Amino acid sequence: MKPVVLAGGTGSRLWPKSRAALPKQFLSLTSDSTMLQDTISRLKGTDAASPIFICNDAHRFLVAEQLRQKDIHHGGILLEPVGRNTAPAIALAALHATINGEDPILLVLAADHLIKDEPAFHTAITKAEVLAKQGKLVTFGIVPDQPHTGYGYIKAGSGLEGGFEVAEFVEKPELQTAKEYVESGSYYWNSGMFMFKASRYLDELEKYNPEMLDVCKRAIDTETPDLDFIRVDHDIFATCPDDSIDYAVMEKTDSAAMVPLDAQWSDVGSWTSLWETSAKDDSGNVCVGDTILENTKNSYVNAEQRLVSVIGLEDVIVVETKDAVMVAHKDDAQSIKKVVNKLKAEHRPEFEFHREVFRPWGSYDSIDSGARFQVKRITVKPGEKLSVQMHHHRAEHWIVVSGSANVTIDEETKLVTENESVYIPIGAVHALENPGKIPLELIEVQSGAYLGEDDIVRFSDRYGRVMKKI
């Protein structure tokens with residue numbers, strides 16, 4: 001059994017924590033590990049082989065770093081050149097898994113789900129594997145504990161060994177309809193998790209959407225390795241139809257089966273769902289970080305950087321980050337997406353980035369800025385190096401706070417240690433490297449007429465970003 005982990009998506013309803021450059025699957029929201037890491041760790045005790053991961057290009061180093069942190073070996077990190085929904089992404093994984101003539105059973109998982117009862121999850125996997133070996137395309141139906149209007153539903157048909165045939169897929173219902181579904185006992189939430197032989201999925205995709213499969217085949221025929229990653233042809237894949245696996249295959253095939261899953265599952269699709277699944281105090285509150293609550297009930301308060309105090313409120317969501325504060329009523333948490341859309345339309349940086357931005361070499365935190373200056377705290381991991389680069393519009397001052405740095409300016413390289421500084425003039429070709437065994441921390445002061453991140457000309461880069469803007 002080979003897991004396929006879908007690690008795309010932006011998780012916009014969990015803003016301001018989740019952002020385009022650091023979406024929810026890469027955050028620690030439900031445990032000390034990230035949701036991506038938890039997705040893999042809960043497979044311990046099964047017969048799962050090294051997983052295949054699918055993500056977009058911008059998140060590739062996040063995936064690689066989070067796997068490295070947990071010493072997780074992978075069976076390939078496939079990079080989607082553009083987002084085309086789940087059906088093409090799974091097709092790429094199935095084609096990659098069968099490239100050497102193998103035909104593994106694929107367990108398709110989202111990287112951002114919460115499953116608390118792991119033994120129940122393992123039992124469901126075992127049942128699904130039996131059906132998958134028989135040629136079934138298996139989905140996992142969540143046993144509903146309330147009439148939820150935010151999920152699609154699956155109606156169970158005739159009984160099978162360990163599960164049911166799928167009688168019908170149903171779109172997200174109105175509340176009254178959802179109540180009727182739950183009361184009937186025949187309907188399950190659609191989890192978005194699947195299991196099938198790679199060849200069976202490809203056969204059904206060819207039957208119901210041959211154009212999609214043809215594009216995916218041509219795109220992956222030219223797959224090229226790039227460090228830990230596998231790239232497919234951008235121009236070819238961009239022509240692929242955009243569709244989910246539900247619409248493209250599962251709702252059309254006559255081989256769909258469903259295994260019930262009662263394992264305290266959640267897709268953590270909103271702050272309200274995170275409140276629902278978290279441990280609460282005697283007043284029904286969930287508190288994360290430095291918080292003080294007074295006369296407050298049934299609320300979720302998450303403080304990242306500062307003390308957050310909530311007084312005399314009920315049923316609210318309060319989330320604070322280094323650069324944003326979001327306050328919402330629990331019943332209206334879905335509207336956060338409207339705020340995110342406004343941020344995107346106005347090209348606000350809070351849509352895409354946190355104040356602290358992660359790079360393959362480490363991170364930088366924008367501490368302060370003005371009309372012609374910007375101050376950053378830069379952290380470089382041991383042994384890592386920033387690209388050899390030049391700026392047209394800004395000069396930089398670097399002050400080493402801890403660790404040591406090899407600094408190259410034009411043709412000269414020198415070692416800069418704690419409490420020492422160096423100046424990089426406009427137009428100078430320069431590079432920064434941490435030769436030590438501990439993280440390098442420095443303060444960077446930029447000054448000039450333009451301070452945007454796109455004022456970077458790269459000449460060489462160990463992460464394959466030469467002549468790119470990020």
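Numbers 1 to 470, taken from UniProt numbering, label the letters of the sequence shown in order.
Even glycine gets a Cβ: it sits at the ideal position worked out from N, Cα and C.
Remember, predicted model here, so these are calculated numbers, not experimental data.
| query | result |
| --- | --- |
| Have a look at Leu131, Asp145, Val429, His148 and flag the residue whose alpha-carbon is nearest the alpha-carbon of valine 166. | Leu131 |
| By how many angstroms is the C-alpha of arginine 231 removed from the C-alpha of asparagine 302? | 37 Å |
| If you draw a straight line from the C-alpha of valine 400 to the C-alpha of glutamate 276, how long is it? | 45 Å |
| Sort Thr417, His430, Trp398, Gly403 by Cα distance to glutamate 411 and report the nearest one. | His430 |
| Figure out for me which residue from Gly45, Pro382, Lys172, Asn190 has the closest Cα to the Cα of methionine 250. | Asn190 |
| Quick one: is lysine 342 buried, meaning 16 or more other Cβ sit within 10 Å of its Cβ, or exposed? | exposed |
| Nearest to residue 493 by alpha carbon, out of Ser50, Val182, Ser299? | Because the chain here runs from 1 to 470, residue 493 falls outside it and cannot be looked at. |
| What residue ranges within the segment 260-316 form continuous alpha helix (DSSP H) runs of no fewer than 4 residues, ordered along the chain? | 271-277 |
| Quick check: is any heavy atom of the ligand SAH less than 7 Å from the C-beta of isoleucine 77? | The model on display carries no ligand, and the ligand SAH is accordingly not part of it. |
| Would you call the CB atoms of glycine 75 and isoleucine 52 closer than 8 Å? | yes |
| Within 10 angstroms of the Cβ of alanine 87, are there 16 or more other Cβ atoms? Answer buried if so, exposed if not. | buried |
| Can you give me the C-alpha to C-alpha distance between residue 471 and glycine 141, rounded to a whole angstrom? | Beyond the ends of the chain as shown, which are 1 and 470, falls residue 471; an answer cannot be given. |
| Are three or more beta carbon pairs between the segment 147-160 and the segment 168-184 nearer than 8 Å? | yes |
| Can you tell me the Cα-Cα spacing of leucine 440 and valine 357, whole angstroms? | 16 Å |
| To the nearest angstrom, report how far apart leucine 205 and methionine 212 are at their CA atoms. | 8 Å |
| Taking DSSP as the reference, what is the three-state secondary structure of lysine 468? | Reliability fails at lysine 468, whose pLDDT of 45 lies under 50, so the model's placement of it is uncertain and the value that follows must be treated cautiously. In the structure shown, lysine 468 sits in coil (DSSP, three-state: anything other than H, G, I, E or B). |
| Quick one: Cα of isoleucine 125 to Cα of threonine 10, how far? | 27 Å |
| Helix, strand or coil for threonine 379 per DSSP? | strand |
| Are the beta-carbon atoms belonging to isoleucine 443 and valine 375 less than 8 Å from one another? | yes |
| Between which two residues does the beta strand (DSSP E) containing alanine 328 stretch? | 325-329 |
| Kindly indicate which three-state DSSP category threonine 98 falls into: helix, strand or coil? | coil |
| To the nearest angstrom, how far is it from the Cα of isoleucine 378 to the Cα of histidine 73? | 29 Å |
| Any contact between the segment 7-21 and the segment 331-338? By contact I mean 3 or more CB pairs, one from each, below 8 Å. | yes |
| Report yes if the C-beta distance between alanine 405 and leucine 386 is below 8 Å; otherwise report no. | no |
| Per DSSP, what kind of secondary structure is glutamine 134 in: helix, strand or coil? | coil |
| Could you tell me the distance, in whole angstroms, from the CA atom of leucine 95 to the CA atom of glutamine 134? | 20 Å |
| Please go through the segment 72-122 and give each complete beta strand (DSSP E) segment of 3 or more residues, from N-terminal end onward. | 77-80, 105-110 |
| Which class does glycine 9 belong to by DSSP, given the choice of helix, strand or coil? | coil |
| Classify proline 23: buried if its beta carbon has 16 or more other beta carbons within 10 angstroms, exposed otherwise. | buried |
| What's the gap between the Cα of isoleucine 54 and the Cα of alanine 89? | 7 Å |
| For the alpha helix (DSSP H) that tyrosine 153 lies in, which residues bound it at each end? | That residue, tyrosine 153, is in no alpha helix (DSSP H); its beta strand (DSSP E) goes 153-160. |
| In chain order, what are the residue ranges of uninterrupted alpha helix (DSSP H) at least 4 long that sit wholly in the segment 330-395? | 336-345, 349-352 |
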